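> Below: one structure in structure tokens.
Protein chains: 4
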Amino acid sequence: MGMPLELQTLIVTKGKERRVKDNLFILEKEGYRLYPLDIPLEVRRTLQSEASGQAVVKKLELADNRTIVTYELVALHSTN
Amino acid sequence: MGMPLELQTLIVTKGKERRVKDNLFILEKEGYRLYPLDIPLEVRRTLQSEASGQAVVKKLELADNRTIVTYELVALHSTN
Amino acid sequence: MGMPLELQTLIVTKGKERRVKDNLFILEKEGYRLYPLDIPLEVRRTLQSEASGQAVVKKLELADNRTIVTYELVALHSTN
Amino acid sequence: MGMPLELQTLIVTKGKERRVKDNLFILEKEGYRLYPLDIPLEVRRTLQSEASGQAVVKKLELADNRTIVTYELVALHSTN
Chain A
1 MGMPLELQTL IVTKGKERRV KDNLFILEKE GYRLYPLDIP LEVRRTLQSE
51 ASGQAVVKKL ELADNRTIVT YELVALHSTN
Chain B
101 MGMPLELQTL IVTKGKERRV KDNLFILEKE GYRLYPLDIP LEVRRTLQSE
151 ASGQAVVKKL ELADNRTIVT YELVALHSTN
Chain C
201 MGMPLELQTL IVTKGKERRV KDNLFILEKE GYRLYPLDIP LEVRRTLQSE
251 ASGQAVVKKL ELADNRTIVT YELVALHSTN
Chain D
301 MGMPLELQTL IVTKGKERRV KDNLFILEKE GYRLYPLDIP LEVRRTLQSE
351 ASGQAVVKKL ELADNRTIVT YELVALHSTN
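Protein chains in written order, with this note's numbering: chain A, 1 to 80; chain B, 101 to 180; chain C, 201 to 280; chain D, 301 to 380.
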């Protein structure tokens, strides 16, 4: 009797993030995932890609075997 | 750079739960706490008291250094 | 890039525990599992069986996709 | 009744790591800390310093309110 959980150290968006306002984004993922809150994490578009920026997770919602992450983009890396 | 978290095995209400509807309750706690979702947990009024029932956590919200737990009471122990 | 982990609230032995000495036991499990340390947990022989006792996890070792739990049995429920 | 735990995304050595052999190091920390195993993490000498390298945690031991991390250095950043 356990709860499966995936510990995360990065935010991988796969382009599925939705902007809520300004620098605040929402990302929905399958399964239960634990992203550390309130500390800077790297943001990547894919697992293999370079960091596209840095973000801080502000809110984490776990329900119905899904995880909703609300994060604030705090730095954006130019990629050209 | 870490995120402090408290791993929980019980729901201790301290009488602060609010009924949302039927057997669904909401409880707000200070700090970030991790309650296993979707598996039966003991519910107690205080840490020292006997189990008052069993519940299943349906939703967990972590934000602003607070944790909101939504749980469904699945069994109630009579205490007389 | 995440680390799969199973959050545990019980110790389910499946009869695979080995006594180290006195009330101290070792149990090896597949995968990475997180058992809360230093707090009383229910011990069961199978997931469906009644609690056979109470134990406190003293040590947790995660490596090579396995988890080794060292626990001290603090109470034993008679089952006859 | 909970277990306090700190979720880690980085390895901060504070110069206290001990080399076991080759690229394998051991680091002991106060409290219970959860470092993701088997995935690359940044290594820093202090929280504020630049990354000194990348490492993969191979083993995590939690006991007596201490955490022992065994990690393999997989990349070293030159800092001159």
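We put the beta carbon where it would ideally sit given N, CA and C, even for glycine.
All values reported here derive from a predicted model rather than from experimental measurement.
Which residue marks the beginning of the beta strand (DSSP E) containing Glu172/B, and which one marks its end?
Here the beta strand (DSSP E) through Glu172/B covers Arg166 to Leu176.
> Just to confirm the assignment, what range does the beta strand (DSSP E) spanning Gly202/C have?
Gly202 to Gln208 is the span of the beta strand (DSSP E), which, as asked, contains Gly202/C.
> Can you tell me the Cα-Cα spacing of Ala151/B and Gly115/B, whole angstroms?
Rounded to the nearest angstrom, the two C-alpha atoms are 13 Å apart.
> With burial defined as no fewer than 16 other Cβ atoms inside 10 Å of the residue's Cβ, what is the status of Ala30/A: buried or exposed?
Sequence inspection shows Glu at residue 30/A; the Ala mentioned does not correspond to that position. Glu30/A comes out exposed.
> By a C-beta neighbour count over all protein chains shown, 10 Å radius and 16 as the cutoff for buried, is Thr309/D buried or exposed?
Buried is the call here.
> Are the segment 222 to 238 of chain C and the segment 259 to 275 of chain C touching by the rule of at least three beta carbon pairs closer than 8 Å?
In short, these stretches touch, since the Cβ pair count reaches three.
> Could you spell out where the beta strand (DSSP E) holding Ile226/C opens and where it closes?
Start and end: Leu224 to Glu230.
> Have a look at the DSSP bridge pairing and note the partners of Lys121/B.
Answer by DSSP bridge pairing, in chain order: Leu124/B.
> Can you tell me whether Ile311/D is helix, strand or coil according to DSSP?
Residue state, collapsed to three classes: strand.
> Check whether the Cβ of Gly315/D lies closer than 8 Å to any Cβ atom in chain B.
It does not: the Cβ of Gly315/D has no partner Cβ on chain B nearer than 8 Å.
> Rounded to whole angstroms, how far is the Cβ of Val356/D from the Cβ of Thr313/D, which I believe are closer than 8 Å?
Wrong, their Cβ atoms sit about 15 Å apart, outside the cutoff.
> When you compare only the Cα positions, how much space is there between Leu261/D and Glu61/A?
Residue 261/D lies beyond the residue range present for chain D, which begins at 301 and ends at 380; the question has no answer from this structure.
> Could you give the C-beta distance for Glu6/A and Pro204/C, rounded to a whole number, given that I count them as a contact under 8 Å?
Correct: roughly 5 Å between the Cβ atoms.
> Can you name, in chain order, every residue of its own chain whose Cβ lies under 7 Å from the Cβ of Ala375/D, other than the five neighbours on each side?
Taken in chain order, the residues that qualify are Gly353 and Gln354.
> Going by Cα to Cα distance, which pick from Ser378/D, Glu317/D and Gly302/D is closest to Ile111/B?
Nearest of Ser378/D, Glu317/D and Gly302/D to Ile111/B, Cα basis: Gly302/D.
> Near Ala163/B, what residues of its chain come up, given a Cβ to Cβ distance below 8 Å and the 5 sequence neighbours on each side ignored?
There are no such residues.
> Rounding to the nearest angstrom, what Cα-Cα distance links Glu328/D and Leu127/B in this structure?
Taking the straight line from one Cα to the other gives about 36 Å.
> Who does Arg144/B pair with in a DSSP beta bridge?
Its beta-bridge partners are Val112/B and Ala151/B.
> Would a check of beta-carbon distances place Pro204/C closer than 8 Å to chain B?
No - not a single Cβ of chain B is within 8 Å of the one on Pro204/C.
> Taking Asn165/B as the reference, give the member of Lys59/A, Arg18/A and Phe25/A with the closest Cα.
Nearest option by C-alpha distance: Lys59/A.
> What separation, rounded to the nearest whole angstrom, lies between the Cα atoms of Gln18/A and Ser178/B?
The sequence as given places Arg at residue 18/A; Gln does not occur at that position. Between Arg18/A and Ser178/B, the C-alpha separation is close to 47 Å.
> Give the residues from the segment 24 to 48 of chain A that approach chain B closer than 7 Å (Cβ to any Cβ), ordered along the chain.
Residues passing the 7 Å Cβ filter: Tyr32, Pro36, Leu37, Asp38 and Ile39.
> Flag Thr9/A as yes if its beta-carbon sits less than 8 Å from any beta-carbon of chain C, otherwise no.
Yes, its Cβ sits closer than 8 Å to a Cβ of chain C.
> Express the C-alpha separation of Arg45/A and Lys121/B in angstroms, rounding to a whole number.
Computed Cα separation, rounded: 40 Å.
> Once you ignore the five residues that flank Leu324/D on each side, which residues in its own chain have a CB closer than 6 Å to its CB?
Result list for Leu324/D: Glu372, in chain order.
> I want to verify the contact list: residues of chain D whose CB lies under 9 Å from the CB of Lys259/C, in sequence order.
Neighbours of Lys259/C on chain D, chain order: Glu361, Leu362, Ala363 and Asp364.
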